[in-house]
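Per UniProt numbering, the very first residue in the sequence shown carries number 1; after that it's consecutive. Please read the structure below before turning to the comments.
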Amino acid sequence: LLEYGECFVRITDGGSPLSLRGQVVVTKSPCYLLGDVRVLLAVTDEDKPGLAALNHLVDCIVFPVRGPRSHPSEISGSDLDGDQFFVCWDPDLLPLHQAEPYHYPAAEVPASVRPPTKNDLIRHFASQNKFHAVTSEIDTLYKSWADSLGPDCWQCCELGRLFSRAVDAAKSGELVSIDPKLRLPTAAANARERSKTAERSVCQSRCCRRATAATTKTDDDSYPTLTVDNVRPEFVVDLLSSRHEFGRISEFCKFQFAWDFCRARCEQVE
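Listed below in structure tokens is the structure:
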């Protein structure tokens, strides 16, 4: 029913199901490459009557099986193993240009000629910390280069591709190494990055407490209710750039708050 470039999205709006219609932005976290952000055409049973059979799928996105490759694989190499996708249907936020999606190679998991033993399981779980350390370092380097040169620089592109391999390394056993050219150029740059990281962590910690207090019922009056009128731009940036510190706030709520903030500032300028 769905052609390449199309999708079916049905959400809950005001307590009732609503099928989206028109162009939408689709991506997922983590998103390191510009090509991980795709613009698709959301269609409904008004466009294709056969899609009425999908109307029971609410708060869900359905991708086509036709086309040169699957859209999930274009989006951070998703293999649909419980991934959550971000969908935006605001026409003002549609990107003017799309980067080509990266071809994420499938992880080559070595075939086993015997059942796994207890020692195999111990070695596997013991190696997870090593793989996690590599992905964390890649993430830190990516943010450093993106802060200074932008996410479209070649360093960020290489790190984005490397991150995909590092994630699959837990299954494939590949020893992923970081090219020295992708590391921060000087000791001074390292010191600056450590300083920026520390400042970012402190700011995010404060933002987390304030955002949690603003979005949950609490008897703690030490943090005021947050509105678009009493926060600074730095708070909005940290709100959007944080994946873990704001675990109790949905990605949609973060994005909605940022959009309301920008719209309010534009109205003030006008």
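Glycine included, every Cβ here is placed at the ideal spot set by N, Cα and C. In this text the structure is predicted, and so the values were computed from the model without any measurement.
Are residue 43 and residue 10 close, meaning C-beta to C-beta below 7 Å? Counted from its first residue, the sequence shown places residue 43 at position 43. Counted from its first residue, the sequence shown places residue 10 at position 10. For residue 43 and residue 10, no; Cβs fall outside 7 Å.
What are the complete alpha helix (DSSP H) segments, minimum 4 residues, inside the stretch 124-194? Taking only runs of at least 4 residues, the alpha helix (DSSP H) segments lying wholly in the stretch 124-194 are 128-149 and 154-172.
Helix, strand or coil for residue 251, going by three-state DSSP, please let me know. Numbered from its first residue, the sequence shown carries residue 251 at position 251. Of the three classes helix, strand and coil, the one that applies to residue 251 here is helix, per DSSP.
Going by the beta-carbon positions, is the gap between residue 102 and residue 33 smaller than 7 Å? As a position in the sequence shown, residue 102 is number 102, starting the count at 1. As a position in the sequence shown, residue 33 is number 33, starting the count at 1. Closer than 7 Å, so yes.
Can you find at least 3 beta carbon pairs, one from the stretch 65-74 and one from the stretch 114-124, that sit closer than 8 Å? no
Any idea if residue 118 is buried or exposed, counting beta-carbon neighbours within 10 angstroms, 16 or more meaning buried? Locating residue 118 in the sequence shown gives position 118, counting from the first residue. Here residue 118 is exposed. Its C-beta has fewer than 16 other C-beta atoms within 10 Å.
Is residue 220 buried or exposed, if buried means 16 or more other CB atoms sit within 10 Å of its CB? Working through the sequence shown from its first residue, we reach residue 220 at position 220. Because the pLDDT of residue 220 is 43, which lies under 50, any placement of that residue in the model is unreliable, and the question is left without a value.
Under a three-way DSSP split, which group does residue 263 fall into? Locating residue 263 in the sequence shown gives position 263, where the first residue counts as 1. Helix at residue 263.
Just mark residue 12 as buried or exposed, buried being the case when its beta carbon has 16 or more other beta carbons within 10 Å. Your numbering for residue 12 matches position 12 in the sequence shown. Classification for residue 12: exposed.
Alpha-carbon to alpha-carbon, residue 23 and residue 3: Within the sequence shown, numbered from 1, the residue matching residue 3 stands at position 3. Within the sequence shown, numbered from 1, the residue matching residue 23 stands at position 23. Their Cα atoms are separated by approximately 14 Å.
Please report how far the alpha carbon of residue 183 lies from the alpha carbon of residue 141, in whole angstroms. The count along the sequence shown starts at 1 and reaches residue 183 at position 183. The count along the sequence shown starts at 1 and reaches residue 141 at position 141. Answer to the nearest angstrom: the Cα atoms are 7 Å apart.
Burial state of residue 154 (16 or more Cβ within 10 Å): Stepping through the sequence shown from its first residue, residue 154 is reached at position 154. The residue in question, residue 154, is exposed, as its Cβ has fewer than 16 Cβ neighbours within 10 Å.
Should residue 232 be labelled buried (16 or more other beta-carbon atoms within 10 Å of its own) or exposed? Indexing the sequence shown from 1 puts residue 232 at position 232. Result: exposed.
Can you round the beta-carbon distance between residue 72 and residue 63 to whole angstroms, since I take them to be within the 8 Å contact cut? Stepping through the sequence shown from its first residue, residue 72 is reached at position 72. Stepping through the sequence shown from its first residue, residue 63 is reached at position 63. About 6 Å; that satisfies the 8 Å criterion.
Can you tell me the Cα-Cα spacing of residue 265 and residue 252, whole angstroms? Counting from 1 along the sequence shown, the entry for residue 265 is found at position 265. Counting from 1 along the sequence shown, the entry for residue 252 is found at position 252. C-alpha separation (whole angstroms): 20 Å.
If we ignore side chains and look at the alpha-carbon of each, how far apart do residue 146 and residue 136 end up? As a position in the sequence shown, residue 146 is number 146, starting the count at 1. As a position in the sequence shown, residue 136 is number 136, starting the count at 1. Approximately 15 Å between the Cα atoms of the pair.
Of the residues 45, 157, 166 and 175, the one placed nearest residue 181, counting alpha carbons only: As a first step, residue 181 is located in the sequence shown; it is residue number 181 there, counting from the start. Considering only alpha carbons, the answer is 157.
Do residue 76 and residue 36 count as a contact pair if the criterion is CB distance below 7 Å? The residue labelled residue 36 in the question sits at position 36 within the sequence shown. The residue labelled residue 76 in the question sits at position 76 within the sequence shown. It is a contact, given that the beta carbons lie within the stated cut-off.
DSSP three-state label for residue 256, please. Numbered from 1 along the sequence shown, position 256 holds the residue referred to as residue 256. The answer is helix: DSSP assigns residue 256 an H, G or I state.
Given residue 134 as reference, the closest of 19, 175 and 148 once Cα atoms are compared: Along the sequence shown, read from residue 1 onward, the residue named residue 134 stands at position 134. Considering only alpha carbons, the answer is 175.
If we require 3 or more residues per run, which beta strand (DSSP E) segments fall completely within the stretch 7-79? List check, beta strand (DSSP E) in window: 16-19, 22-28, 38-42 and 60-62.
Verify whether the separation of the beta carbon atoms of residue 26 and residue 85 is less than 7 Å. Along the sequence shown, read from residue 1 onward, the residue named residue 26 stands at position 26. Along the sequence shown, read from residue 1 onward, the residue named residue 85 stands at position 85. Going by C-beta atoms, residue 26 is nearer than 7 Å to residue 85.
Since residue 128 and residue 38 should fall inside the 8 Å C-beta cutoff, what is the C-beta to C-beta distance between them, to a whole number of angstroms? On the sequence shown, residue 128 is found 128 positions in, with the first residue counted as 1. On the sequence shown, residue 38 is found 38 positions in, with the first residue counted as 1. Distance from residue 128 to residue 38 at the Cβ level is roughly 31 Å; contact not present, criterion being Cβ atoms closer than 8 Å.
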